[in-house]
Amino acid sequence: MTIARITDAYVRHYSDNRQTTAYVEWVGTNGGKGRTEGNLYPCPHEVLGIHMTALFTRANREGIAIRGETW
């Protein structure tokens, strides 16, 4: 299965443990739904991993606004 389209993309900061995580929600070619998530790294040269960077780039290309949330 591959990702047919991205439906949502966001970065969530958890104030209780100071963790920040990036999320991308999607629909697969078989109609199934899923979510990919990855923690943000504290180093300045690579904030997101390669896979999450590719998904966020695709979300931008598909017109999905990436939003920030604080919980």
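Under the numbering used here, the residues of the sequence shown are numbered 1238 to 1308, in order.
Ideal Cβ positions, reconstructed from N, Cα and C, are used throughout, including at glycine.
The model shown is predicted, which means the values in this text are computed figures rather than measured ones.
C-beta atoms of residue i and residue j nearer than 7 Å
| i | j | result |
| --- | --- | --- |
| I1243 | A1296 | yes |
| I1287 | A1246 | no |
| T1266 | M1238 | yes |
| A1259 | G1275 | yes |
| R1249 | E1306 | yes |
Enclosing alpha helix (DSSP H) for residue i [first to last residue]
| i | result |
| --- | --- |
| N1297 | 1287-1298 |
DSSP state of residue i mapped onto helix, strand, coil
| i | result |
| --- | --- |
| N1276 | strand |
| R1255 | coil |
Start-to-end residues for the beta strand (DSSP E) that takes in residue i
| i | result |
| --- | --- |
| G1305 | 1304-1307 |
Of the listed residues the options, nearest to residue i (C-alpha basis)
| i | options | result |
| --- | --- | --- |
| R1255 | L1292, W1263, L1277 | L1277 |
| V1291 | R1304, V1261, W1308, G1271 | The sequence given here has Ala at residue 1291, not Val. The residue with the shortest Cα to Cα distance from A1291 is V1261. |
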